[in-house]
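Before any comments, here is the structure.
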Amino acid sequence: GLQEIRSVTRETVEAVLDERHRNGPFRSIDDLLRRVRLNPADGAILARSGSLDCLAGGLNRPQVLWLLEARLAGSGAARRHATAGQISLFARASLTAGAPPFPDYTPLQLWRQELETLGFVLSVHPLYAWQPAIRKLPHRLTRASDLPRHVGRFVWTVGWPITRKEVVTKAGDPMEFVSFEDETAIYETVFFPRAFHRFCQDMNMESPYLLYGQVQEEYGAVSLNVQKLIRVSTMMKNGME
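Under my numbering, think of the first position of the sequence shown as 25, with each following residue one higher.
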């Protein structure tokens, strides 16, 4: 929900949720702006995160940002002047004028903006932006969807970490289960104590990784027993060595 969006003020979140609860769903961006006092900074974050896509009426995100800037600048001026005549003029102003034909963001731009505002990516898979680097990796990669065909083998995979859970062994040593995802499937990995101490302390949940380990199956569940973990960005800096 809106609570997941980074940097949006609590006042805006509460105002939007309260208005929607009292008077029903918003029908358009203009409807939202009529019913909620939205500050420009929060409006831009909502647009960049994709939260307003369902209200955009076919506009792309650059056009939505332009629309918000135009509407909020106008409403701000009207409120600052605070005269009945000026406010009524603003109310009568056309809120349906078309936005300029700005080109949409590239998938990479969408990825970056969603990651900045949400902490995760909705419109494209987060590995999309890394494909040029991944294609240059010197390793033969196994797709997540193909892991069940490689039980017992050691393989290289690429993945984006999505969830993690630290547990303790019977001996009291820490280990961790981490779910990764590539463009084909989500897969489970296990970092036993030795691998946990080597890799898990510095794992960044907002970065893709190259993994090496043995594919294992237990009670029908397939997982990767991780032996090596390398950030793709580190591989790039080191010349893919």
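Cβ atoms here follow ideal geometry from the backbone N, Cα and C, with glycine treated the same way.
Quick check on the burial criterion: 16 or more other C-beta atoms within 10 angstroms. Buried or exposed for residue i?
i, result
"Arg30", "exposed"
"Gln155", "exposed"
"Glu38", "exposed"
"Leu56", "buried"
"Val256", "buried"
"Phe144", "exposed"
From the options, pick the residue whose C-alpha is nearest to that of residue i; which is it?
i, options, result
"Leu248", "Leu62, Asp170, Arg95 and Glu230", "Asp170"
"Asp206", "Asp197, Cys224 and Ile186", "Ile186"
"Lys189", "Val182, Leu76, Ile69 and Pro198", "Pro198"
"Arg58", "Arg95, Lys160 and Pro64", "Arg95"
"Ala127", "Leu161, Val191 and Gln87", "In the sequence under discussion, the amino acid at residue 127 is Pro, which differs from the Ala named in the question. The shortest C-alpha separation from Pro127 is found at Gln87."
"Tyr129", "Thr213, Arg72 and Arg159", "Arg72"
"Gly67", "Val60, Leu161, His221 and Leu92", "Leu92"
"Glu212", "Thr258, Thr193, Gln240 and Gly176", "Gln240"
Roughly how many angstroms lie between the CA atoms of residue i and residue j, to the nearest whole one?
i, j, result
"Gln251", "Met227", "14 Å"
"Gly244", "Phe50", "46 Å"
"Phe216", "Thr33", "41 Å"
"Met229", "Ala97", "37 Å"
"Phe178", "Gln238", "4 Å"
"Val148", "Ile210", "15 Å"
"Leu142", "Ala65", "15 Å"
"Cys224", "Arg46", "46 Å"
"Leu235", "Val191", "21 Å"
"Leu253", "Ala219", "9 Å"
"Arg233", "Glu138", "Note that residue 233 is Tyr in the sequence shown, not Arg. Cα to Cα, the separation comes out at about 20 Å."
Based on the DSSP output, what are the partners of residue i in its beta bridges?
i, result
"Met199", "Val191"
"Arg255", "Tyr233"
"Phe220", "DSSP output for Phe220 lists no bridge partner at all."
"Tyr129", "Its beta-bridge partners do not exist; DSSP assigns none."
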